[in-house]
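Q: I have a structure I would like to understand better, so I am pasting it below and will then ask my questions one at a time.
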Ligand code: M6R
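Residue numbers (our numbering): 38 to 645.
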């Protein structure tokens, strides 16, 4: 969490800092702050609790003119959101300034020692220790001071330092949290946590690896490791364009990203279809697959829900056992993993701390590792042995939408690829499924073509305190994702249940007027689902069903039915999730919530 920006060059730094922070606000919005070197002893600092707009408001008629600066947008971990806890932080004398994304795990011990040695702290943050440590370790050599501080701190960080004594230099360091350097054309360079911040300025970047230190000047960028040895890095050219990271006429990024799903799914499918399913980046053999006796899918949040669907795909099409695990649980429970295990990690950002740690642990235990991610060059992409990419383009809204559908389609194709290798299903069945998967982008467009009824349901039921989602089999997996979408952006209490579980407890919560969203698309368990729908209807719940076109009899047992185009029951989650995303979106609008920036959340979760 947290977004970092830095500028050094010939222009007014504040313009890039504010623009870059605007693009990074998805990473956290508890407070924001900037420090700009205006020459001589004059370092301009401004901070404001709350959204970036509060900082902009404070700066309105007082924009600093300096050409070197750093900025930060915060997702609070240590210390509540406040002006004082906002970054940048500085030492006792205001000579050094630092912005930080991550957690300094040993900060308490360091802080106590620094206080004993006379340092005065003004914030409750872990970051402030770094500024005081620099002060103590500085004896004229800025780079050496940073290296000495890095040797003392433990935890995860991307850090950016500025010093009054070195107005021509910014120093960046990375461990576990992302940081990139944007190479400017006209004697200027940029530093940021993520590509959207710099993409309108340059597409040529350096991606820092763990342990890298970058010494950035306006016309020079040097890299060293923590021992001070120079390192050479390759330029990474970003292929996204700036427009892809903008709202493009939609009121919110979430709505734009929901509507981008046909294209995102098409772009994810096309590199891997060549008569059959191909993954050149894997190039697995039948032997490779034969030697795998267990598969884990490990992820968090929406990506975990995509993993649950992936389990169905692989188990059904490849007939191999798959376990799905939450990354934050997996890494701490001594998972049974060895060289015959394939661990698939799923992560849109490729930076989620828990997922990254689970991946590292799996590698340590000898597993084969495969990352399904949306971000080339992300920490997870670089750590995994194999990588396959969802081509969703940048996803900015905190609530994940197109990342989920592209993860689903990619895992479906992965399962087909494995099925081809292992001959686990007949060729004719593979061909039938490929034919159907090609139709999915157009079917998503069709699903998106009439949002009015969904808007109306959101307006009618958007003020309920509780909403339940039910379904069986893959419908249950999608129900989990639908409930997550609703709770995270509209703050309505939403729970998803396997429909068959209702009678084991949850049915007690179903009373007159409670909305129940019932997914009823899985043909193999359809009759059972229908019985569960009748059970909630008998308790006077309001049932909104999601069903495949042609299932006309369902309206006899429910209050409303939302139809999606028909396809194979394995592929239908790609369609049923769309009305659930829209329902959550319009419910949040009805309730006046900030859709793209829900409270307490951030897009990229780079802390444990
Ligand atoms: O970037 P990742 O896919 O690893 O993120 C994992 C979760 O934090 C993420 O899916 C989260 O649950 C979504 N924002 C929910 O919409």
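Glycine included, C-beta positions come from ideal geometry on N, C-alpha and C.
Pull the bridge partners of residue 193 from the DSSP assignment, please.
A: Per DSSP, 140.
Q: By Cβ distance, which residues of its chain are closer than 8 Å to residue 379, with the 5 residues on each side in sequence left out?
A: Only 329, 331, 332, 333, 404, 405, 406, 407 meet the Cβ criterion.
Q: Taking a contact to mean a Cβ-Cβ separation below 9 Å, would you say residue 76 touches residue 233 in this structure?
A: For residue 76 and residue 233, no; Cβs fall outside 9 Å.
Q: What residues in its chain sit with their C-beta under 7 Å from that of residue 185, if we drop five residues either side in the sequence?
A: Cβ within range, chain order: 174.
Q: Using only the alpha-carbon positions, how far apart do residue 631 and residue 289 sit?
A: Looking at the two C-alpha atoms, the distance is approximately 9 Å.
Q: CB-CB under 6 Å to residue 108, same chain, minus the five flanking residues each way: which ones, in chain order?
A: Cβ within range, chain order: 42, 54, 58, 71.
Q: Quick one: complete alpha helix (DSSP H) runs, 4+ long, within the stretch 314-402?
A: Qualifying alpha helix (DSSP H) stretches, in chain order: 323-327, 338-355, 364-367, 390-401.
Q: Answer yes or no: the CB of residue 642 versus the heavy atoms of the ligand M6R, is any distance below 8 Å?
A: Yes, the beta carbon of residue 642 sits closer than 8 Å to at least one heavy atom of the ligand M6R.
Q: Let's test the definition: count the other Cβ atoms within 10 Å of the Cβ of residue 296 and tell me whether it reaches 16, buried, or not, exposed.
A: By the neighbour-count rule (16 or more Cβ atoms within 10 Å), residue 296 is buried.
Q: I need the DSSP call for residue 111, collapsed to helix, strand or coil.
A: Three-state DSSP puts residue 111 in a strand.
Q: According to DSSP, is residue 72 helix, strand or coil?
A: Note: residue 72 maps to strand in three-state DSSP.
Q: Threshold first: 4 residues or longer. Then list the alpha helix (DSSP H) segments lying entirely within the stretch 601-638, N to C.
A: If we require 4 residues or more, the alpha helix (DSSP H) runs fully inside the stretch 601-638 come out as 610-627.
Q: Taking the beta carbon of residue 393 as the centre, do at least 16 other beta carbons fall within 10 Å, making it buried, or is it exposed?
A: Answer is buried; the Cβ neighbour count reaches 16.
Q: Quick check on the burial criterion: 16 or more other C-beta atoms within 10 angstroms. Buried or exposed for residue 496?
A: Looking at its Cβ environment, which holds fewer than 16 other Cβ atoms inside 10 Å, residue 496 is exposed.
Q: Tell me whether the beta-carbon of residue 578 lies closer than 9 Å to the beta-carbon of residue 567.
A: No, the pair does not count as a contact, with Cβ atoms beyond the cut-off.
Q: Can you look up residue 200 in the DSSP assignment and give me helix, strand or coil?
A: Strand.
Q: Closer than 8 Å to a non-hydrogen atom of the ligand M6R - does that hold for the CB of residue 385?
A: Yes.
Q: State buried or exposed for residue 548, treating a residue as buried only when at least 16 other CB atoms are found within 10 Å of its CB.
A: It is exposed - the Cβ of residue 548 has fewer than 16 other Cβ atoms within 10 Å.
Q: Taking Cβ positions, are residue 82 and residue 67 nearer each other than 9 Å?
A: Their beta carbons are not under 9 Å apart, which means residue 82 does not touch residue 67 by this criterion.
Q: Return the CA-CA distance between residue 263 and residue 168, expressed in angstroms with no decimal places.
A: In a straight line, the C-alpha of residue 263 is about 18 Å away from that of residue 168.
Q: Which class does residue 535 belong to by DSSP, given the choice of helix, strand or coil?
A: The answer is strand: DSSP assigns residue 535 an E or B state.
Q: Comparing alpha-carbon positions, which option in 570, 459, 52, 415 lies nearest residue 245?
A: Checked all of 570, 459, 52, 415; the closest Cα to residue 245 is 415.
Q: Could you tell me which residues DSSP puts in a beta bridge with residue 220?
A: 226, per the DSSP bridge assignment.
Q: For the alpha helix (DSSP H) that residue 174 lies in, which residues bound it at each end?
A: Unbroken alpha helix (DSSP H) run through residue 174: 165-174.
Q: Using a Cβ-based criterion (distance less than 8 Å to any ligand heavy atom), does residue 91 qualify as near the ligand M6R?
A: The answer is no for residue 91.
Q: Report the three-state DSSP secondary structure of residue 487 (helix, strand or coil).
A: Coil at residue 487, not helix or strand.
Q: Flag this pair as touching only if the stretch 176-193 and the stretch 90-97 have three or more C-beta atom pairs under 8 Å; answer yes or no.
A: The answer is no - the stretch 90-97 does not touch the stretch 176-193, with fewer than three Cβ pairs under 8 Å.
Q: May I ask whether a heavy atom of the ligand M6R can be found less than 8 Å away from the beta carbon of residue 155?
A: Because no heavy atom of the ligand M6R lies under 8 Å away, the Cβ of residue 155 does not count as near it: no.
Q: Given a threshold of 16 other Cβ atoms within 10 Å of its Cβ, counted over all protein chains shown, does residue 339 qualify as buried or as exposed?
A: Per the 10 Å Cβ criterion, buried.
Q: Along the chain, where does the alpha helix (DSSP H) that runs through residue 44 open and close?
A: Looking at the DSSP string, residue 44 is not in any alpha helix (DSSP H); the run it does join, the beta strand (DSSP E), is 40-45.
Q: How close, in whole Å, do the beta carbons of residue 425 and residue 384 come, if the pair is a contact with beta carbons under 8 Å?
A: The Cβ separation is near 12 Å, so there is no contact.
Q: Please report the residue range of the alpha helix (DSSP H) in which residue 243 lies.
A: Premise fails: residue 243 lies in the beta strand (DSSP E), 241-244, not in any alpha helix (DSSP H).
Q: In its own chain, which residues sit with a C-beta less than 7 Å from the C-beta of residue 226, not counting the 5 before and 5 after it?
A: These residues qualify, in order along the chain: 45, 46, 218, 219, 220, 253, 255, 258.
Q: Going by Cα to Cα distance, which pick from 560, 546, 524, 601 is closest to residue 638?
A: Ranking 560, 546, 524, 601 by Cα distance to residue 638 puts 524 first.
Q: Let me confirm a value: residue 298 is counted as buried when at least 16 other C-beta atoms fall within 10 Å, else exposed. Which label applies?
A: Classification of residue 298: buried, given that the 10 Å Cβ count is 16 or more.
Q: Report the partner residues of residue 267 according to the DSSP bridge assignment.
A: In the DSSP output, where bridge partners are listed per residue, residue 267 has 261.
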